[in-house]
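To start, the structure under review is shown below, and the notes come after it.
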Amino acid sequence: MSKNVTIVRSYFTAVSKGDFDTVGALLSDDVVWHQPGKGIQSGTYSGKAELFAHLGNFVKWSNGTFAIDHVDYLADNGELVTAAIHFKAEKNGQSLAMKGVDLLRIEGDVIKEVWLFSERIEEEDAFWNSASAS
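For the sequence shown, the working numbering assigns the number 10 to the initial residue and increments by one for each residue that follows.
Okay, structure coming up:
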């Protein structure tokens, strides 16, 4: 297993345990996060503070139910690591469950940039827009 895959595996393990100290240590101070779609959750977030505020919204909007519940596989090509994932969330009788692909760029042994891809982005947009309104 490459060093970059090990870094990304550690990141997903920490996320699944809610170990945000470790997550923070694995992220570059100037990390850039590209969240897809056209919903309330979408956009580009720069720096740890902005990213953690953004990720905190997922917890708030889902009453703490948002989770990456499965990482199918990790593969790398130099500084890029891809992760095939499954994520889910529930709020007010609505549920969201879908596959996604995360593409992470590693630089200097930390995660420098992340691009997310969702299986059904329009459905995800609708869920988060609805969840944030309540």
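Glycine residues also receive a C-beta, built at the ideal position from the N, C-alpha and C atoms.
When Asn66, Asn101, Ala92 and Lys97 are compared against Val110, the one with the closest alpha-carbon
As a position in the sequence shown, residue 110 is number 101, starting the count at 1. Of the listed residues, the one whose Cα sits closest to Val110 is Ala92.
Which whole-angstrom value is the C-beta distance of Ala140 and Lys108, which I expect to be below 8 Å?
Against the sequence shown, residue 140 aligns to sequence position 131. Against the sequence shown, residue 108 aligns to sequence position 99. Not really, about 19 Å apart at Cβ, beyond 8 Å.
Is the beta carbon of Val119 sitting closer than 8 Å to the one on Val14?
Indexing the sequence shown from 1 puts residue 119 at position 110. Indexing the sequence shown from 1 puts residue 14 at position 5. Taking 8 Å as the cut-off, the Cβ atoms of Val119 and Val14 do not count as close.
Would DSSP call Phe126 helix, strand or coil?
Reading the sequence shown from its first residue, position 117 is the one you call residue 126. Looking at Phe126 - three-state DSSP - the assignment turns out to be strand.
Residue from Gly73, Glu133 and Phe126 whose Cα sits closest to the Cα of Trp42:
Locating residue 42 in the sequence shown gives position 33, counting from the first residue. Residue Phe126 is the option with its Cα nearest to Trp42.
According to the Cβ coordinates, are Phe96 and Ile77 closer than 8 Å?
In the sequence shown, the residue the question calls residue 96 occupies position 87. In the sequence shown, the residue the question calls residue 77 occupies position 68. For Phe96 and Ile77, yes; Cβs fall inside 8 Å.
Between Gly46 and Gly65, what straight-line distance do the alpha-carbon atoms span, to the nearest angstrom?
Here residue 46 corresponds to residue number 37 of the sequence shown, with the count starting at 1. Here residue 65 corresponds to residue number 56 of the sequence shown, with the count starting at 1. One C-alpha to the other measures close to 18 Å.
Proximal residues to Thr31 (C-beta, below 6 Å), its chain only, five neighbours per side dropped
Position 22 of the sequence shown, counting from 1, holds the residue named residue 31. Closer than 6 Å at the Cβ level, and outside the excluded window around Thr31, lie Ala23.
Cα-Cα, which of Asp81, His79 and Phe136 is closest to Gln103?
Reading the sequence shown from its first residue, position 94 is the one you call residue 103. In terms of Cα proximity to Gln103, the closest of Asp81, His79 and Phe136 is Phe136.
For Gln44 and Ser51, the rounded distance between their alpha carbons
Translated into the one-based positions of the sequence shown, residue 51 becomes position 42. Translated into the one-based positions of the sequence shown, residue 44 becomes position 35. Spanning the two alpha carbons is a distance of roughly 5 Å.
For Tyr82 and Gly33, what's the separation of their Cα atoms in angstroms?
Residue mapping note: residue 82 aligns to position 73 of the sequence shown, counting from 1. Residue mapping note: residue 33 aligns to position 24 of the sequence shown, counting from 1. For Tyr82 and Gly33, the distance between alpha carbons rounds to 22 Å.
Out of Gly56, Asp38 and Phe67, state which residue places its alpha-carbon closest to the alpha-carbon of Leu105.
Here residue 105 corresponds to residue number 96 of the sequence shown, with the count starting at 1. Ranking Gly56, Asp38 and Phe67 by Cα distance to Leu105 puts Phe67 first.
Taking 8 Å as the limit between beta carbons, can you name the residues of its chain near Met10, skipping five residues before and five after?
Along the sequence shown, one-based indexing puts residue 10 at 1. Within the same chain, Cβ atoms closer than 8 Å to the Cβ of Met10 are found at Arg18, the five residues on either side in sequence being excluded.
Bridge-paired residues (DSSP) for Thr22:
The sequence position of residue 22 within the sequence shown is 13, counting from 1. Answer is none; Thr22 lacks a bridge partner.
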